[in-house]
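Keeping their order, the protein sequence lines are chains A and B.
Using this note's numbering, read the first sequence as starting at 1 and increasing by one per residue.
Using this note's numbering, read the second sequence as starting at 1 and increasing by one per residue.
Glycine included, every Cβ here is placed at the ideal spot set by N, Cα and C.
There are 2 protein chains.
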Amino acid sequence: MAALASAQGPMSATELLAKLSEGKPDSAIGIATIYRSLKLGVEEGRLVAVELESGAVRYEPADLEHHHHFLCVECSRAFDLKGCVSDLEDLLPAGFEMTSHEVLLHGKCQDCRRAG
Amino acid sequence: MAALASAQGPMSATELLAKLSEGKPDSAIGIATIYRSLKLGVEEGRLVAVELESGAVRYEPADLEHHHHFLCVECSRAFDLKGCVSDLEDLLPAGFEMTSHEVLLHGKCQDCRRAG
DNA sequence: CTGGTTTTGAGAACTGATTATCATTACTAA
DNA sequence: TTAGTAATGATAATCAGTTCTCAAAACCAG
C-alpha cells in the first residue's frame, strides 16, 4: 500500500481503513481487504509488522532504516523517530544474547500538545 | 502475590498459574483467582501491568526501581534489566513531549542459550 | 458481449485473553 | 458447632482483533 509509505509512522488495520475511507463516503472498502493486503505485503517482504501496544499490530514499509517509535497517549497514533540510542549493550546481563531491540517513547505528539 | 516478588521478571496470568500449580497436582488453583488477585494488586498500587507483547499483559511489583526488560524469543519469558540508556532525548522530535519510555531487548536468555 | 478466473465486501466465525456467574468451600465471630 | 459472610474454582460469557466464507462485482482474453 502506498498509503503506508506516505504515513508518518506505522498504522494498524483499523487506522488504515479509516484513512482509505476518508473522503469517500460512497465507495466502502472492506476491513477484510485491508487484512488481506497487509498479510500479503508481509509475506512478500514489502511490509513489516510492529507491535507497540497490546492488541494493535501496526504495519510499516520494510525498506525503512533502523528506527524507533513514539506513541501518543492522547490520539494513540504512532510516529517514526530517527536514530537510535547508543548504550544498549550495557543493559544486557551476562550470558544473554541480544538479537534485536525496541525503544518506544510515550507522550503527547505535536498536534495534541497544540490542541490541549 | 509473593510469587511475583521473587520472579526474575514480570509474569503473565498464565505463567503465574503454571508457576503456582507446579508441584501441586491435587490442589487446583483457578485462573479466575489469578486474574482477581492481579487486578486487585494493581488497584491497590502494589502491582503494575507491563505490556511487552501483543496479547500478553504481565505484572510486576510496583516498588521496583526504573528498569527495562528482556524478552526471550525462545521461551517467551521476560527478564528484568538493570539501568537505563542515556540519550533518549535525542530521539524526540521538536514539538513532541515525552512522559515515559520503554526499552525492550529481544534475544536468547541464558537458559535457552545453554539448551540449544 | 461472453465464459471463466480473480478480487472484493459484508458478515459470520474464530481466537486468545479477560471477566462474570454461581454454586461450593473456607473463614469468622459468637 | 453454627449461621453468616467472603473467597474460590469451573465454566460460560464477553471482547477486540483477525480470519473465513461466499455470493456479487470486477477483470480479462477471445
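{"Check": "Answer yes or no: do His69 of chain A and Ala56 of chain A have a C-beta to C-beta separation smaller than 7 Å?", "Outcome": "no"}
{"Check": "Would you call the stretch 45-52 of chain B and the stretch 88-101 of chain A in contact, with 3 or more CB pairs under 8 Å?", "Outcome": "no"}
{"Check": "Excluding sequence positions up to five away, which residues of its chain have a Cβ less than 8 Å from the Cβ of His67 of chain B?", "Outcome": "Asp80, Leu81, Lys82, Gly83, Cys84"}
{"Check": "At a CB-CB cut-off below 9 Å, which residues of chain A make contact with Cys75 of chain B?", "Outcome": "Correct list: empty, because the minimum Cβ distance to chain A is about 12 Å."}
{"Check": "Can you confirm whether Ser54 of chain B, when its beta carbon is compared against all beta carbons of chain A, has any partner nearer than 7 Å?", "Outcome": "yes"}
{"Check": "May I have the straight-line CA-CA distance separating Glu15 of chain A from Tyr59 of chain A, to the nearest angstrom?", "Outcome": "10 Å"}
{"Check": "On the three-state DSSP scale, how would you describe Leu202 of chain A?", "Outcome": "Outside the modelled stretch of chain A, which goes from 1 to 116, sits residue 202 of chain A, for which no answer is possible."}
{"Check": "Quick one: what's got a C-beta closer than 7 Å to Ala62 of chain B's C-beta in the same chain, skipping five residues either side?", "Outcome": "Gly45, Arg46, Leu47, Val48"}
{"Check": "Any beta carbon from chain B within less than 7 Å of Lys108 of chain A's own beta carbon?", "Outcome": "yes"}
{"Check": "Is the beta carbon of Glu74 of chain A less than 7 Å from the beta carbon of Cys112 of chain A?", "Outcome": "yes"}
{"Check": "Determine which residues of the stretch 31-60 of chain A have a Cβ less than 8 Å from any Cβ of chain B, and write them out in chain order.", "Outcome": "Glu51, Glu53, Ser54, Gly55, Ala56, Val57"}
{"Check": "Please list, in chain order, the chain A residues whose beta carbon lies closer than 9 Å to that of His101 of chain B.", "Outcome": "Val103, Leu104, Leu105, His106, Gly107"}
{"Check": "Using DSSP with H/G/I as helix, E/B as strand and the rest coil, what is Leu88 of chain A?", "Outcome": "helix"}
{"Check": "Using the beta-carbon of each residue, which ones in chain A are nearer than 7 Å to His66 of chain B?", "Outcome": "Near His66 of chain B there are no residues of chain A at all, since even the closest Cβ is about 12 Å away, more than 7 Å."}
{"Check": "Looking only at its chain, what residues have a beta carbon closer than 8 Å to the beta carbon of Val42 of chain A, apart from the 5 residues adjacent to it on each side?", "Outcome": "Val48, Ala49, Tyr59"}
{"Check": "Glu15 of chain B by DSSP, collapsed to three states: which one?", "Outcome": "helix"}
{"Check": "Is Ser37 of chain A near Ile29 of chain A, with beta carbons less than 7 Å apart?", "Outcome": "no"}
{"Check": "Under DSSP, the beta strand (DSSP E) around Cys72 of chain A begins and ends at which residues?", "Outcome": "68-72"}
{"Check": "Count the other C-beta atoms from every protein chain shown that fall within 10 angstroms of the C-beta of Gly9 of chain B, then say buried if there are 16 or more, exposed otherwise.", "Outcome": "buried"}
{"Check": "Please name the residue, chosen from B:Leu71, B:Ile31, B:Ala3, that lies closest to Leu104 of chain B on a Cα-to-Cα basis.", "Outcome": "B:Leu71"}
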